Amino acid sequence: MLPTVDFCGLTLTRLLIGANPFGGFSHQNKARDDAMRTYHTPERILETWDRAWKAGINAFVTNNETTHVIETTQRYLAMGGPMQWIGQVSFRTCASMEEAIDRVVSIGCRAMFFHGGLIDQLFAEKDSSSVRRWVTYAQAKGIPVGVAAHNPLTHEWVHAMKLVDFHAVPFFNCGSVHAKAGGEKFQLEDMARAVALIRALDKPCIAYKILGAGRIDPVMGFDYALRNIKPGDVINVGMNRLDRDAMIEENAALAARLLA
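Per this note's numbering, the sequence shown starts with residue 403, numbered consecutively.
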């Protein structure tokens with residue numbers, strides 16, 4: 403197993419495997435989205451998780467709304483898959499956030515965090531009551547609860563409430579890709595801002611988008627992230643075997659070498 407940390411009571415490897423490639427979220431272009439989605443059948447996703455476990459990774463992150471991915475997550479955990487699931491939670495496919503929380507807990511998530519686009523929207527509306535309601539409801543399930551957000555100011559706002567157990571922080575505030583007027587705006591200066599935020603937060607963090615959705619060389623990206631986040635933080639990296647079948651094993655070996 404790769405080096406681990408105590409992350410809110412969970413033993414997590416410093417490298418987690420993400421799921422954007424599974425759902426076709428390339429943050430590049432539609433053709434690449436479609437190719438990722440077609441390639442990542444449920445069987446390939448299960449194979450990918452098996453290989454990640456064998457390479458020394460003990461946890462994965464997926465959202466709760468991409469149909470074939472959440473169904474595969476449910477299947478994997480029901481079969482006794484050994485990796486821990488950290489759920490990114492939204493409620494576009496549920497009647498309420500509470501219903502969405504109940505569902506991911508019933509499937510077997512070991513921790514959860516709320517979708518960054520939702521938390522950014524609540525920050526824009528200064529709706530702290532919804533944040534408090536969601537977090538309180540989820541924490542009552544007995545698992546660690548965090549938030550994602552693309553805007554560093556959003557994280558500072560949530561942190562000031564002294565509610566959450568952890569933060570999920572992207573290295574790139576990519577133009578709020580969920581907004582109609584947004585777009586893919588990956589800017590290198592975002593990385594320094596993200597690192598400063600992570601180091602200022604006294605809660606553990608999941609750092610994601612550390613490679614800028616494939617725009618950053620993995621050796622440089624892993625090295626920069628692992629040298630600059632806190633010792634108790636972890637990185638979450640999507641791994642697209644469509645590009646290179648051995649990517650999982652290569653990334654795990656790279657993380658092991660940098661952490662040695």
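Beta carbons are placed, not taken as given, at the ideal position from N, Cα and C, and that holds for glycine. Given the structure is predicted, the values throughout are model-derived calculations rather than measurements.
Can you grab the Cα-Cα spacing for the pair residue i / residue j, in whole Å?
{"i": "Val-597", "j": "Ile-637", "result": "12 Å"}
{"i": "Asn-466", "j": "Phe-515", "result": "11 Å"}
{"i": "Trp-487", "j": "Glu-591", "result": "31 Å"}
{"i": "Asn-653", "j": "Leu-414", "result": "16 Å"}
{"i": "Leu-520", "j": "Arg-416", "result": "26 Å"}
{"i": "Thr-443", "j": "Gly-640", "result": "16 Å"}
{"i": "His-580", "j": "Gln-523", "result": "For His-580, the predicted model reports a pLDDT of 48, less than 50, meaning its position is unreliable and no value from the coordinates is stated."}
{"i": "Ala-437", "j": "Arg-446", "result": "14 Å"}
{"i": "Gly-518", "j": "Thr-406", "result": "25 Å"}
{"i": "Phe-493", "j": "Glu-501", "result": "8 Å"}
{"i": "Pro-554", "j": "Tyr-441", "result": "34 Å"}
If the criterion is Cβ atoms closer than 8 Å, does the pair residue i and residue j meet it?
{"i": "Thr-468", "j": "Gln-490", "result": "no"}
{"i": "Arg-574", "j": "Lys-611", "result": "Sequence check: residue 574 is Phe here, not Arg. Contact: yes."}
{"i": "Lys-605", "j": "His-552", "result": "no"}
{"i": "Leu-613", "j": "Pro-620", "result": "yes"}
{"i": "Ala-457", "j": "Ile-600", "result": "no"}
{"i": "Ile-608", "j": "Lys-543", "result": "no"}
{"i": "Leu-404", "j": "Ala-662", "result": "no"}
{"i": "Gln-460", "j": "Met-485", "result": "First, the amino acid is wrong: residue 460 is Asn here, not Gln. A contact, by the Cβ cut-off of 8 Å."}
Have a look at the DSSP bridge pairing and note the partners of residue i.
{"i": "Ile-419", "result": "Phe-462 and Val-639"}
{"i": "Asp-645", "result": "DSSP lists no partner for Asp-645."}
{"i": "Leu-412", "result": "Phe-409"}
I'd like to know whether the C-beta of residue i is nearer than 8 Å to at least one C-beta of chain D.
{"i": "Met-499", "result": "The structure shown has no chain D; it contains just one protein chain."}
Practice task
Would you be able to state if there are at least three C-beta pairs under 8 Å between the segment 420-433 and the segment 637-646?
Solution key: yes
Handout entry: Sequence ranges, alpha helix (DSSP H) only - wholly within the segment 440-497, length at least 4
Key = 444-456 and 469-480
Problem - alpha helix (DSSP H) runs wholly inside the segment 588-623, at least 4 long, in chain order - result: For the alpha helix (DSSP H) assignment, the uninterrupted runs of no fewer than 4 residues enclosed by the segment 588-623 are, from N- to C-terminal side, 591-602.
Practice task
Evaluate the contact criterion for the segment 515-533 versus the segment 554-562: three or more CB pairs, one atom per stretch, below 8 Å.
Solution key: Here the segment 515-533 lies against the segment 554-562, with 3 or more beta-carbon pairs under 8 Å apart.
Problem - At least 3 beta-carbon pairs within less than 8 Å: the segment 501-511 vs the segment 471-484 - result: yes
Exercise for the section: Could you tell me which uninterrupted alpha helix (DSSP H) segments, each at least 4 residues in length, are contained entirely in the segment 543-578, listed from first to last along the chain? Expected result: 554-562
Exercise for the section: Tell me the start and end of each unbroken alpha helix (DSSP H) in the segment 500-547 that is at least 4 residues and wholly inside, in chain order. Expected result: 518-527 and 530-541
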